[in-house]
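Numbering-wise (our numbering), the first sequence opens with residue 1 and increments by one.
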Amino acid sequence: MQFESLPGFRDFYPETCAQRNHIFDHWRKVAQAFNFLEYDAPVLEPLELYIEKSGKEIVGQLFNFEDRGGRTVALRPEMTPSLARLVGAKGNSLKRPIKWFNIGENYRYERPQKGRLRAFYQLNADIFGESGPAADAELISMLTQLLLSLGLDSSDFMLRLSDRDLWLLILAAEGLDESSSASVLAIIDKLDRTERKKTVDKLACVMGDSAENFLGRIEDVINIRDFDTLSNYILNLPLEEGLEEKAKVRVDDWKQLLRLIESAGAGEFIQIDLGIVRGLAYYTGFVFEAFEVNGEDRALAGGGRYDSLVKKLGGPDMPAVGFAMGDVTVANLLKTKSLIPKQINRPDFIAITGGTAERNVALSDVTQLRSLGFQVEYPLKDQGFGKQFKDANQSGARFALIYGSEEIERGVVKVRDLQSGQEGEIIRKNILQLAPELLLKGI
RNA sequence: GUGGCUGUAGCUCAGUUGGUUAGAGCACUGGUUUGUGGUACCAGGGGUCGCGGGUUCGAGUCCCGUUAGCCACCCCA
1 MQFESLPGFR DFYPETCAQR NHIFDHWRKV AQAFNFLEYD APVLEPLELY
51 IEKSGKEIVG QLFNFEDRGG RTVALRPEMT PSLARLVGAK GNSLKRPIKW
101 FNIGENYRYE RPQKGRLRAF YQLNADIFGE SGPAADAELI SMLTQLLLSL
151 GLDSSDFMLR LSDRDLWLLI LAAEGLDESS SASVLAIIDK LDRTERKKTV
201 DKLACVMGDS AENFLGRIED VINIRDFDTL SNYILNLPLE EGLEEKAKVR
251 VDDWKQLLRL IESAGAGEFI QIDLGIVRGL AYYTGFVFEA FEVNGEDRAL
301 AGGGRYDSLV KKLGGPDMPA VGFAMGDVTV ANLLKTKSLI PKQINRPDFI
351 AITGGTAERN VALSDVTQLR SLGFQVEYPL KDQGFGKQFK DANQSGARFA
401 LIYGSEEIER GVVKVRDLQS GQEGEIIRKN ILQLAPELLL KGI
């Protein structure tokens with residue numbers, strides 16, 4: 001009986017695994033550079049946790065089952081609910097701002113397609129306990145750094161920035177209450193993948209006959225790309241007094257945010273685009289998504305503010321903002337841009353030996369080098385020199401250490417730089433002292 | 001959940017109107033090669049032609065079903 005991996009799940013052979021880890025390494029390095037702390041949480045959680053956050057409809061998209069204890073459980077489809085639980089449980093005893101990240105696998109029972117699998121990794125980065133735009137800016141800056149560190153630049157990706165608070169003001173000016181606004185936002189989210197006529201029909205449920213004109217005004221807002229136009233538009237909305245004040249404050253938040261992003265060097269990646277509202281209703285303020293520059297593929301990353309979620313899941317009232325970046329779309333983009341290094345994993349040294357006796361001598365040196373952390377390949381059987389050099393070359397090793405009977409007699413080992421072909425000799429007993437210098441400066 | 005396209009060696013593929021024992025390149029293993037590597041030459045291993053059924057004297061090839069992959073829709077945390 002032959003088995004294959006389940007649909008939407010991947011096997012990671014060493015080469016692919018190295019590519020995956022290449023991405024993870026950069027994720028972790030950048031997150032740590034921003035002084036985010038790494039946390040982790042279970043892969044299996046109570047099903048209720050996800051129903052509480054996203055509603056019953058979510059169950060159809062989960063890997064869920066009943067365990068032997070009769071508990072209904074699910075593989076996590078995302079990290080945020082677990083994270084909210086962790087943060088909520090420690091409540092106010094954690095020092096703020098809380099800046100945490102995680103790299104973990106998530107599972108969704110959906111039909112796999114381009115950029116979407118059933119098991120995928122995500123980097124999650126979140127800040128709790130800070131409600132000002134500086135926290136949003138910190139994450140947007142980090143998101144930019146992440147993509148830059150992987151070798152992408154402004155010709156490859158952009159960040160679309162939007163704000164659900166602004167939408168609530170705009171829709172309030174249209175005379176809509178909170179629940180009508182929510183349904184309009186859901187429609188806006190689907191705007192570019194729905195026929196215009198269908199959108200008008202859907203809007204008619206809220207707006208009646210004026211839906212057509214209303215949609216026109218929405219489209220005007222979505223087409224705004226510069227901040228001056230946006231702030232003028234917002235400040236001139238016909239709003240009641242309380243809301244008018246809110247609008248002023250919010251425009252100030254935008255100014256702060258944009259200034260910080262500019263200072264962080266991420267300004268050139270930002271595109272104001274109120275067409276982004278993000279599907280789920282729990283987002284409360286700024287929202288953003290990173291896209292491949294042509295906007296063709298699935299989003300590379302997405303996030304925003306979710307100030308009420310921690311409380312909803314049983315924790316204290318705590319402001320929060322975060323984003324997630326998936327490995328699948330990022331890997332796809334890196335691949336099309338040829339930005340994944342070919343040979344990531346190569347030994348520092350490879351031993352080449354004349355015969356059984358020489359192999360034993362070599363092993364003693366090899367073991368010591370290994371114990372110091374050098375990456376050393378050692379032959380497991382006797383083979384001719386020609387063959388060994390061929391293998392040595394293929395291994396991508398930096399240096400070959402050649403143990404022939406003649407060298408061993410003289411207490412030396414021959415060292416060959418496999419790239420340049422340059423050769424030299426070193427005294428065997430000095431090999432541990434010389435190894436670091438060798439790697440640094442060559443022969 | 002719905003639809004379209006595609007399944008021949010680890011990978012990329014060839015395989016004639018249905019006709020003997022299914023092929024190539026790359027990769028892998030060994031050799032030419034007991035002292036010097038990417039080339040070359042020789043040899044070898046590896047296939048239930050995705051799976052099941054049907055038509056036929058005969059199916060990798062035609063038909064039906066099924067499964068997997070890709071792509072699109074639904075959904076997208």
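Glycine included, C-beta positions come from ideal geometry on N, C-alpha and C.
Bear in mind the structure is a predicted one, so any value in this text is a computation, not a measurement.
- Here K390 carries a helix assignment [DSSP, helix/strand/coil].
- In the DSSP assignment, V287 falls outside any alpha helix (DSSP H) and within the unbroken beta strand (DSSP E) covering 286-292.
- Under the DSSP assignment, A324 falls in the beta strand (DSSP E) whose first and last residues are 320-326.
- The continuous alpha helix (DSSP H) containing L363 extends over residues 356-371.
- In this structure, G304 lies near F288, with their beta-carbon atoms less than 8 angstroms apart.
- Secondary structure within the stretch 117-175: the beta strand (DSSP E) runs of 3 or more consecutive residues, fully enclosed, are 119-128, 157-163 (chain order).
- By the Cβ rule, the stretch 136-147 counts as touching the stretch 159-176, because three or more pairs are nearer than 8 angstroms.
- Judged by DSSP secondary structure, G70 falls outside any alpha helix (DSSP H); it is assigned neither H nor E.
- Beta-bridge annotation (DSSP): Q113 is paired with R116.
- Contact between G115 and D297 is confirmed by a C-beta separation of about 6 angstroms, below the 8 angstroms threshold.
- Listed in chain order, the non-local C-beta contacts of I270 below 7 angstroms within the same chain comprise L159, L161, I261, local neighbours out to five positions each way being set aside.
- Counting along the chain, the unbroken beta strand (DSSP E) around V412 starts and ends at 412-417.
- A residue is called buried when at least 16 other Cβ atoms come within 10 angstroms of its Cβ; N124 meets this threshold and is buried.
- Here Y13 is not bridged, per DSSP, to any residue.
- Counting C-beta pairs with one atom in each stretch, the stretch 419-431 and the stretch 374-382 have fewer than three that are closer than 8 angstroms, which means they do not touch.
- Between the beta-carbon of F399 and that of D348 there is about 7 angstroms, and that keeps the pair under the 8 angstroms contact cut.
- Rounded to the nearest whole angstrom, the C-alpha separation of S263 and I272 is 17 angstroms.
- Assignment of K202 by DSSP, reduced to helix, strand and coil, places it in the helix class.
- Between the beta-carbon of I340 and that of H22 there is about 6 angstroms, and that keeps the pair under the 8 angstroms contact cut.
- The continuous stretches of beta strand (DSSP E) do not include A281, and DSSP gives it neither H nor E.
- Sixteen is the threshold: when 16 or more other Cβ atoms of the shown chains lie within 10 Å of the Cβ of S54, as they do, the residue is buried.
- Among the bridge pairs identified by DSSP, K99 is matched with I127.
- Distance check between K312 and each of A281, T336, G326 places A281 closest, using alpha-carbon atoms only.
- Taken in chain order, the complete beta strand (DSSP E) segments of 3 residues or longer contained in the stretch 15-97 are 44-46, 64-66, 72-75.
- Sequence-distant Cβ neighbours of D136 in its own chain, meaning closer than 7 angstroms and more than five residues away, are L257, F286, R305, V321.
- Taking C-beta atoms as the reference points, P46 and S82 fail to come closer than 8 angstroms.
- Taking C-beta separations shorter than 7 angstroms and ignoring five residues to either side along the sequence, the partners of S183 in its chain run V206, following chain order.
- Counting the other CB atoms within 10 Å of its CB gives T72 a total below 16, which places it among the exposed residues.
- The C-beta distance from M79 to N35 rounds to 19 angstroms, too long to meet the 8 angstroms contact threshold.
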